[in-house]
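One structure is given below, encoded as structure tokens.
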Amino acid sequence: MISISGLTKAFGERQVIKDLNLDVESGEVVGLVGPSGIGKSTTLNIVAGLMKPDSGEVKIDGRVVTRSGGSSEVMVHPAERGLGYVMQDNALFPHMTVVDNIAFGLRGAKLAPERALSRAQEMMELLRIDDLAELRPGQLSGGQQKRVALARSLAPQPNILLMDEPLSSMDQELREHLKAELKGIFDRLDLTVMYVTHDNLEARQLVDRIAVFGSGRISGTFFVSHQPPAEPSPARLPDASAAPD
Amino acid sequence: MNKLQTLLVAVSCAAFLLFISIPVAAVFLYVTPGELAATVTSDAVLTPLKLSLLTATISATVVLVFATPLSYILARKKFSGRWFLDTLVDVPIVLPPAVAGLALLLAFAPKGLVGQYLLSRGIVLPGSLVAVVMAEIFVASPFYFRSSKTAFEAVNQRIIDSGRILTKSDSRVFLRVTLPLAGRGILAGFIMCWARSLGEFGATLLFAGNLPGVTQTMPLAIYIAMESNLVEADVLSAILILFSFAVLVAFKLLGGWNRSD
Numbered sequence: 001m002i003s004i005s006g007l008t009k010a011f012g013e014r015q016v017i018k019d020l021n022l023d024v025e026s027g028e029v030v031g032l033v034g035p036s037g038i039g040k041s042t043t044l045n046i047v048a049g050l051m052k053p054d055s056g057e058v059k060i061d062g063r064v065v066t067r068s069g070g071s072s073e074v075m076v077h078p079a080e081r082g083l084g085y086v087m088q089d090n091a092l093f094p095h096m097t098v099v100d101n102i103a104f105g106l107r108g109a110k111l112a113p114e115r116a117l118s119r120a121q122e123m124m125e126l127l128r129i130d131d132l133a134e135l136r137p138g139q140l141s142g143g144q145q146k147r148v149a150l151a152r153s154l155a156p157q158p159n160i161l162l163m164d165e166p167l168s169s170m171d172q173e174l175r176e177h178l179k180a181e182l183k184g185i186f187d188r189l190d191l192t193v194m195y196v197t198h199d200n201l202e203a204r205q206l207v208d209r210i211a212v213f214g215s216g217r218i219s220g221t222f223f224v225s226h227q228p229p230a231e232p233s234p235a236r237l238p239d240a241s242a243a244p245d
Numbered sequence: 246m247n248k249l250q251t252l253l254v255a256v257s258c259a260a261f262l263l264f265i266s267i268p269v270a271a272v273f274l275y276v277t278p279g280e281l282a283a284t285v286t287s288d289a290v291l292t293p294l295k296l297s298l299l300t301a302t303i304s305a306t307v308v309l310v311f312a313t314p315l316s317y318i319l320a321r322k323k324f325s326g327r328w329f330l331d332t333l334v335d336v337p338i339v340l341p342p343a344v345a346g347l348a349l350l351l352a353f354a355p356k357g358l359v360g361q362y363l364l365s366r367g368i369v370l371p372g373s374l375v376a377v378v379m380a381e382i383f384v385a386s387p388f389y390f391r392s393s394k395t396a397f398e399a400v401n402q403r404i405i406d407s408g409r410i411l412t413k414s415d416s417r418v419f420l421r422v423t424l425p426l427a428g429r430g431i432l433a434g435f436i437m438c439w440a441r442s443l444g445e446f447g448a449t450l451l452f453a454g455n456l457p458g459v460t461q462t463m464p465l466a467i468y469i470a471m472e473s474n475l476v477e478a479d480v481l482s483a484i485l486i487l488f489s490f491a492v493l494v495a496f497k498l499l500g501g502w503n504r505s506d
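In order, the protein sequence lines correspond to chains S and G. Under my numbering, think of the first position of the first sequence as 1, with each following residue one higher. Under my numbering, think of the first position of the second sequence as 246, with each following residue one higher.
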């Protein structure tokens, strides 16, 4: 479970996050939805331990991993939070092959080389990229790179997955394809997921609950029913009256 | 661009290129092939050549090992006084070499700031190979700093972050991710530092002295040979030009100054 309370963050004069509070239950997929540039990615970075908030607290499974603004500051190393993070630009290691990218976190965890390799192989099979093992990121398409980033994040078997606009800058066909794959992976691995997107429709198709991000805080959350829509509709944020929990 | 403008541009380009290439050509045209063959294998050429290659390689390697951490910190860490340190490491690049030599003497000569303590332990630096290396490091290290710092700055922070998510060993992220990604710039800086060390003259002359076989590097040997044997000086100069050209070609192939990744 992820518990965020009283989070604030400013960049210079610009207050990006103002008193953000959110709980994500274990095994729940929560979408942080809102327009670009309002602090969704900053929130993920703070949860990941890559950025320090000005104040507030983040707990993972009851353990304080970030605390700022008070007398007892806490900042647990990103690798000790038990999470994976798929960044918007994938941030793959361009000088390593696909298999080395995926095995990086496993080797860092002092796993025996054979075990690391076999785990990386499992991940490549899961994401159907095993034929790309010896290629470098620069030789891959956008969709393949996203799969590698996902495989790399999942390889150390995290309980939590953070995803920042994973389907942005992809064509519609690829987006639909990856959505189905992501949904399958979320269900199969029973992951707790924080999924950032500006696309409301994408969120409705993938997440259990949507947290609407606005003015630096969560303005409301609502559960998503995964019934197929009667007719396709353009992405639109829910009305303020949409059943907040 | 009209014809007159085109002509003016062509003339200015040609004038500049000739100004650079005529002296270079003069060095290669001064000696006959026979004189070149006879001189290039003489002790007068080989001894300073070996010494220059040795000291330049040691100097660039020492800079690589000791300057890389500072270069990384200046590139990627934010702290008060960073601009001052950043400027300080650049100072030798604008100092006249004679000033650099004098500064080294005042610091490390037997009566110098540090040298007096070294003397009490029986260590005298001027006149030694170590002094040559120190002079070269002092003068050439900014070339390494510039290139390696730019290379570290160019490494995408998101890639480093994704490494930090995957391993708690920051040194592993540095060695396996940051360093390889900055590798071209680091190597380019090493090459430029090596080349500048090879050509170092003023600081070496003042601090290390001009002892044949001990501190007399190629530029010093050229200076001395100018008085007695111009063919020898010319052959040494031709070798230095060839090395410099090769180094610049390597530097450009690595993308130095144009590309920092």
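Every residue gets a Cβ at the ideal spot worked out from N, C-alpha and C, and that includes glycine.
Q | Residue of S:Ile102, S:Phe186 and S:Arg147 minimising C-alpha distance to Pro156 (chain S) | A | Among S:Ile102, S:Phe186 and S:Arg147, the Cα nearest to that of Pro156 (chain S) belongs to S:Ile102.
Q | Reference Gly428 (chain G); option with closest CA among G:Ser473, G:Thr462 and G:Tyr389 | A | Taking only the C-alpha atoms, the option nearest Gly428 (chain G) is G:Tyr389.
Q) Are Asp406 (chain G) and Leu50 (chain S) touching if we call contact CB-CB under 8 Å? A) Closer than 8 Å, so yes.
Q | Partner residues on chain S for Val422 (chain G), Cβ-Cβ distance less than 7 Å | A | In chain order, Phe93 make up the part of chain S whose C-beta sits under 7 Å from the C-beta of Val422 (chain G).
Q: Identify whether Val339 (chain G) lies in helix, strand or coil by the three-state DSSP scheme.
A: Looking at Val339 (chain G) - three-state DSSP - the assignment turns out to be helix.
**Q.** Rounded C-alpha distance that separates Gly27 (chain S) from Val307 (chain G)
**A.** In a straight line, the C-alpha of Gly27 (chain S) is about 53 Å away from that of Val307 (chain G).
**Q.** Endpoints, the beta strand (DSSP E) within which Leu330 (chain G) is located
**A.** Where Leu330 (chain G) is concerned, there is no enclosing beta strand (DSSP E), although the alpha helix (DSSP H) around it starts and stops at Arg327 to Leu333.
Q) Of the residues G:Leu499, G:Leu481 and G:Leu498, which one's Cα is nearest the Cα of Val276 (chain G)? A) Of the listed residues, the one whose Cα sits closest to Val276 (chain G) is G:Leu481.
Q) Can you tell me whether Leu498 (chain G) is buried or exposed, with buried defined as 16 or more other CB within 10 angstroms of its CB? A) Leu498 (chain G) comes out exposed.
Q. Where Phe264 (chain G) and Ala270 (chain G) are concerned, what is the direct C-alpha to C-alpha distance, given to the nearest angstrom?
A. If I take the Cα positions, the gap works out to 11 Å.
Q. Nearest to Gln461 (chain G) by CA position, among G:Gly326, G:Phe261 and G:Leu443, is which residue?
A. The shortest C-alpha separation from Gln461 (chain G) is found at G:Leu443.
Q.
Looking only at its chain, what residues have a beta carbon closer than 6 Å to the beta carbon of Ala354 (chain G), apart from the 5 residues adjacent to it on each side?
A. If we look at Ala354 (chain G) and ignore the five residues flanking it on each side, its Cβ neighbours are Gly360 and Pro371.
Q: For the region 22-70 of chain S, list the alpha helix (DSSP H) runs that are entirely contained and at least 4 residues long, ordered along the chain.
A: Counting whole runs of 4 or more residues, the region 22-70 of chain S contains the alpha helix (DSSP H) stretches 40-48.
Q) Cα separation between Thr8 (chain S) and Asp164 (chain S)? A) Per the coordinates, the alpha-carbon of Thr8 (chain S) lies some 19 Å from the alpha-carbon of Asp164 (chain S).
Q | Beta-carbon neighbours of Gly105 (chain S), restricted to chain G and to distances below 8 Å | A | Within 8 Å Cβ-Cβ: Ile410, Leu411 and Thr412.
Q | Members of the region 61-78 of chain S near chain G, C-beta cut-off 7 Å | A | Listed by position, the residues of the region 61-78 of chain S near chain G (Cβ gap below 7 Å) are His77 and Pro78.
**Q.** For Val193 (chain S), the first and last residue of its enclosing beta strand (DSSP E)
**A.** Val193 (chain S): member of the beta strand (DSSP E) spanning Thr192 to Thr197, first to last residue.
Q. What are the boundary residues of the alpha helix (DSSP H) that Met170 (chain S) is part of?
A. No alpha helix (DSSP H) contains Met170 (chain S), which DSSP labels as neither H nor E.
Q.
Which same chain residues end up closer than 7 Å to Ala320 (chain G) when comparing Cβ atoms and leaving out the 5 residues on each side of it in sequence?
A. Within the same chain, and ignoring the five residues on either side of Ala320 (chain G) in sequence, the residues whose Cβ sits closer than 7 Å to its Cβ are Lys394, Phe397 and Glu398.
Q: Could you tell me whether the region 71-79 of chain S touches the region 407-416 of chain G, where touching means 3 or more Cβ pairs closer than 8 Å?
A: Between the region 71-79 of chain S and the region 407-416 of chain G there are three or more inter-stretch CB-CB distances shorter than 8 Å, so the stretches are counted as touching.
Q: Take Ile60 (chain S) as the anchor and find which of S:Glu125, S:Asn90, S:Asp89 and S:Asp23 has the nearest alpha-carbon.
A: The shortest C-alpha separation from Ile60 (chain S) is found at S:Asp23.
Q.
Can you check whether the C-beta of Phe490 (chain G) is within less than 8 Å of a C-beta belonging to chain S?
A. No - not a single Cβ of chain S is within 8 Å of the one on Phe490 (chain G).
Q. Ordered along the chain, which non-local residues of its own chain (more than five positions away) have a Cβ less than 8 Å from that of Arg136 (chain S)?
A. These residues qualify, in order along the chain: Pro94, His95, Met96, Thr97 and Val98.
Q) Would Met123 (chain S) be called buried (16 or more neighbouring beta carbons within 10 Å of its own) or exposed? A) Burial check for Met123 (chain S): the Cβ neighbour count within 10 Å reaches 16 or more, so the residue is buried.
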